[in-house]
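Here is the structure we will look at.
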Amino acid sequence: EPPDPRSRPTAAMKKLLTFPAGRRAKWVVLAVWLIALFGIGAGNLPGKFTDAENNESTSFLPEKAESTKALNATKEIQGSEEVTMVVVYRRDGGLTAQDKARVRADRAELNALRLADTTPFGAPIPSKDGTEQLLTANIATDGEADTILDPVDAVRDRVSDPGGGLQVKVTGSAGYSADAIKVFEGINGTLLLAAVALVFVLLALIYRSPLFLWIPLFSVIAAEVMTRGIGYALTEAGVTVNGQSSSIMSVLVLGAGTDYALLLVSRYREELRHEEDKHVALATALQTAGPAIIASAVTVVLALLTLSFAEVNGTAGLGPLGALGVLVAMISMLTLLPALLAITGRRAFWPRVPHVGDEGSDAAHGAWRTWGERIARRPNRTGVISTLVLLVMCLGLLNFDTGLTQGNAFRGEVESVQGQKLLAKAFPSGANAPTDVVVTDPAKAAAVEQALKRSAPVADVRKVGQGAPGVYYAVTLKQDPYSTAAYDDIKTIRSDLAEVAPGAVLVGGPTAVESDLRTASARDTKLIIPLVLIVVFIVLLLLLRALVAPLLLMGTVVLSFAAALGVSAVVFDVIFGFPGSDVGLPLFAFVFLVALGIDYNIFLMARVREETERFGTEHGMLRGLAVTGGVITSAGIVLAGTFTVLGVLPLVFLTQIGFVVAFGVLLDTFLVRSTLVPAAVFAIGSRVWWPSRLAHEGEPGGPQPEDEPLDEEPFHGGPASAPARG
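Sequential numbering of the sequence shown, starting at 157, is according to my numbering.
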């Protein structure tokens with residue numbers, strides 16, 4: 157019986173997919189891409205995209221968050237949004253007269269600079285034990301990075317680290333913001349250079365050709381440039397973009413784009429061994445590999461778009477940004493890459509040029525065919541052992557801790573953190589970043605002030621001003637303002653004030669911002685993970701036209717995610733010594749690992765279904781694994797490598813994201829996709845395609861499998877032909 161025609165591209169899709177392989181069309185496609193890239197470069201759209209990044213934590217808050225409302229109120233009272241710059245002077249054993257004179261001289265010099273948008277530094281604030289003095293000033297910021305970075309750098313250039321036993325550090329909320337901005341501003345260049353270099357090396361190792369590797373490399377770089385150009389339009393439309401989301405977008409473009417290139421090129425090489433005309437071979441490759449690439453890309457795009465429902469603006473911004481990157485990468489690999497392949501032809505593969513009749517990786521031979529046959533002999537035992545290994549890895553989740561905060565988010569020490577540690581030795585830790593309290597009903601201000609002074613987490617209360625929104629107090633916490641303990645203290649303060657003036661108090665400031673961000677992140681995780689599962693399941697239903705197979709694939713990928721996160725939690729604690737993980741790490745890891753993990757299962761099962769239509773489920777699984785094993789493994793290594801590049805950046809969260817996704821992709825590639833999924837398919841047999849017609853293979857009226865065209869005796873050890881052993 158002929159294969160199910162629904163598995164083939166429609167005539168319209170076939171024409172669209174094969175267009176870049178045309179003898180004239182290839183030049184048209186190349187010209188369109190070059191013109192578009194030239195236009196984006198001439199308009200400096202990638203540079204404008206970078207300039208549009210906003211790395212202030214307050215920009216990530218949802219409008220309904222209490223700290224957002226408090227920020228708007230304090231801005232109205234003060235006339236602008238302000239961050240505090242704190243200069244800490246310390247000498248162990250006590251400041252000398254010369255030290256105190258230096259503090260006064262520094263204050264005079266700094267005030268003489270008349271730093272833009274910065275209030276004058278007030279009189280030095282001495283500690284009770286005489287070891288420290290503080291100078292403080294407020295910076296009015298409009299959200300632009302330079303309004304914070306320039307004043308902080310100017311002060312640091314003049315006062316930091318004078319030596320002679322006197323320690324001087326610039327910290328405060330302005331110092332923390334400046335250090336974060338510096339890290340994010342340096343992200344794009346460092347990350348892109350490292351990622352492109354890694355992709356270059358991996359492509360060289362995979363293709364072993366000094367010429368060919370430049371074709372997919374140029375295609376993914378073009379996709380990256382195009383994404384940043386179009387991404388600028390998203391920022392103009394109001395999408396929040398920061399250095400973190402921009403970095404992840406770049407990794408997705410380079411990683412996913414290279415994966416799609418590997419899949420298409422692998423099928424192209426396969427066809428070149430059967431077809432003399434390069435255009436025909438490429439058209440066939442596009443018809444067969446194209447739908448799988450589109451399905452996998454659509455899965456990732458839809459999964460990423462679910463992030464748009466997040467309350468945290470930074471997370472919500474990554475949704476359309478990441479989806480754009482994957483979509484552009486797919487388009488580039490199905491248009492620009494085929495056009496370049498059609499232009500260069502076989503010669504580009506030199507010295508390993510494929511010719512008609514050459515032997516290569518096929519469905520009847522090779523290491524992956526042998527591995528599949530070994531699994532098929534004992535599918536139940538193999539599946540149980542693989543599952544147990546993953547479940548043991550999941551036990552590491554018991555070690556997962558969300559102790560990562562803005563105060564310990566950097567790998568290595570930065571000046572703002574060093575300054576906070578110095579300040580905490582002689583002052584209440586919260587003096588570094590006061591908490592804002594706005595009493596919207598002035599009649600209740602006195603009662604609120606007394607309640608604040610009685611509140612256990614509060615060290616000091618100071619009235620700052622009053623305006624139309626209400627009375628504004630600056631509250632000093634006893635705890636480090638960038639600690640999980642302080643975030644809990646914000647909840648305590650809000651609870652205490654709700655009893656005194658219900659509905660009439662807003663609590664904001666840096667600590668409240670971080671507390672609200674953590675609450676919103678936890679809410680986003682609970683909402684978005686089910687959405688991702690639903691979206692991915694629907695895509696698999698449509699692609700495989702079955703119910704059992706999608707459920708099987710979903711189960712294996714979710715188990716793989718839990719195992720990867722469990723192992724990562726142990727590694728972060730025991731090996732890296734990180735203080736904890738970001739509360740949003742499970743969400744990001746889940747979206748990337750489930751969406752990207754399903755990618756490889758789509759590549760595998762789409763080919764298995766194609767082979768099953770002719771040779772039955774057992775041999776279809778063997779043949780699908782044999783012909784896709786090498787390319788999917790290469791793709792997994794490339795994707796894992798690109799995410800590992802996030803580790804070159806000095807932020808703990810990005811390092812953790814890179815490790816979790818890289819480890820999870822490798823786990824999915826080498827254990828789940830290559831062992832667990834085949835074992836499950838062999839054990840279940842044709843029922844894996846239920847309720848489609850393929851579930852009835854061999855039955856009257858159902859598909860009748862052909863004999864497999866092998867050079868040797870066909871394999872007969874699987875469950876479809878004999879009772880499964882083990």
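All C-beta atoms in this analysis are idealised placements derived from N, C-alpha and C, irrespective of residue type, glycine included.
Classify residue i as helix, strand or coil using the three-state DSSP reduction.
{"i": "residue 638", "result": "coil"}
{"i": "residue 616", "result": "strand"}
{"i": "residue 893", "result": "Given that the chain is displayed from residue 157 to residue 882, the structure contains no residue 893 and the question cannot be resolved."}
{"i": "residue 304", "result": "helix"}
{"i": "residue 566", "result": "strand"}
{"i": "residue 621", "result": "strand"}
{"i": "residue 327", "result": "strand"}
{"i": "residue 659", "result": "coil"}
{"i": "residue 387", "result": "helix"}
{"i": "residue 626", "result": "strand"}
{"i": "residue 143", "result": "Residue 143 is absent from the model: the chain starts at 157 and stops at 882."}
{"i": "residue 176", "result": "helix"}
{"i": "residue 464", "result": "helix"}
{"i": "residue 571", "result": "helix"}
{"i": "residue 583", "result": "coil"}
{"i": "residue 170", "result": "helix"}
{"i": "residue 183", "result": "helix"}
For my contact list, residue i and residue j are in at a C-beta cut-off of 8 Å; report their separation, rounded to the angstrom.
{"i": "residue 499", "j": "residue 186", "result": "7 Å"}
{"i": "residue 477", "j": "residue 445", "result": "Residue 477 to residue 445, Cβ: 27 Å. No contact."}
{"i": "residue 216", "j": "residue 564", "result": "Actually they are not in contact, since the Cβ atoms of residue 216 and residue 564 sit about 18 Å apart, beyond 8 Å."}
{"i": "residue 809", "j": "residue 720", "result": "Actually they do not touch by this definition, with Cβ atoms about 16 Å apart."}
{"i": "residue 645", "j": "residue 633", "result": "6 Å"}
{"i": "residue 230", "j": "residue 664", "result": "7 Å"}
{"i": "residue 647", "j": "residue 671", "result": "7 Å"}
{"i": "residue 395", "j": "residue 473", "result": "5 Å"}
{"i": "residue 441", "j": "residue 376", "result": "So it is not a contact: roughly 18 Å between Cβ atoms."}
{"i": "residue 739", "j": "residue 422", "result": "That belief does not hold up - the Cβ atoms of residue 739 and residue 422 are roughly 40 Å apart, past 8 Å."}
{"i": "residue 592", "j": "residue 630", "result": "7 Å"}
{"i": "residue 833", "j": "residue 697", "result": "Not a contact, Cβ separation roughly 17 Å."}
{"i": "residue 688", "j": "residue 459", "result": "5 Å"}
{"i": "residue 762", "j": "residue 699", "result": "7 Å"}
{"i": "residue 385", "j": "residue 191", "result": "Incorrect: roughly 13 Å between the Cβ atoms, too far for contact."}
{"i": "residue 718", "j": "residue 553", "result": "7 Å"}
{"i": "residue 269", "j": "residue 465", "result": "The Cβ separation is near 46 Å, so there is no contact."}
By a C-beta neighbour count over all protein chains shown, 10 Å radius and 16 as the cutoff for buried, is residue i buried or exposed?
{"i": "residue 779", "result": "buried"}
{"i": "residue 457", "result": "buried"}
{"i": "residue 544", "result": "exposed"}
{"i": "residue 307", "result": "buried"}
{"i": "residue 333", "result": "buried"}
{"i": "residue 604", "result": "buried"}
{"i": "residue 557", "result": "exposed"}
{"i": "residue 171", "result": "exposed"}
{"i": "residue 598", "result": "exposed"}
{"i": "residue 437", "result": "buried"}
{"i": "residue 576", "result": "buried"}
{"i": "residue 284", "result": "exposed"}
{"i": "residue 736", "result": "buried"}
{"i": "residue 403", "result": "buried"}
{"i": "residue 264", "result": "exposed"}
{"i": "residue 432", "result": "exposed"}
{"i": "residue 189", "result": "buried"}
{"i": "residue 389", "result": "exposed"}
Taking 7 Å as the cut-off, is the beta-carbon of residue i closer than that to any non-hydrogen atom of the ligand NAP?
{"i": "residue 391", "result": "Of the ligands one can find in the structure shown there are none, so the ligand NAP has no counterpart to examine."}
With which residues is residue i paired in a DSSP beta bridge?
{"i": "residue 281", "result": "290"}
{"i": "residue 319", "result": "322"}
{"i": "residue 295", "result": "239, 274"}
{"i": "residue 207", "result": "None, per the DSSP bridge assignment."}
{"i": "residue 591", "result": "631"}
{"i": "residue 664", "result": "592"}
{"i": "residue 841", "result": "Bridge partners of residue 841: none, in fact."}
{"i": "residue 554", "result": "The partner list for residue 554 (beta bridge, DSSP) is empty, contrary to what the question assumes."}
{"i": "residue 807", "result": "566"}
Worksheet entry | the region 275-289 / the region 238-256 touching (three or more Cβ pairs under 8 Å) | Short answer: they touch.
Worksheet item: Taking three-plus beta-carbon pairs below 8 Å as touching, is the region 230-248 in contact with the region 585-592?
Response: In short, these stretches touch, since the Cβ pair count reaches three.
Worksheet item: Counting pairs of beta carbons, one from the region 301-321 and one from the region 343-357, are three or more of them closer than 8 Å?
Response: Output reads no: the region 343-357 does not touch the region 301-321.
Fill in: Three-pair Cβ contact test at 8 Å for the region 481-495 versus the region 364-375
Here the region 481-495 makes contact with the region 364-375; the two share three or more CB pairs at distances below 8 Å.
Practice prompt. Determine contact between the region 527-546 and the region 820-840, defined as no fewer than three beta-carbon pairs at a distance below 8 Å.
Written response: Enough Cβ pairs lie closer than 8 Å, so yes.
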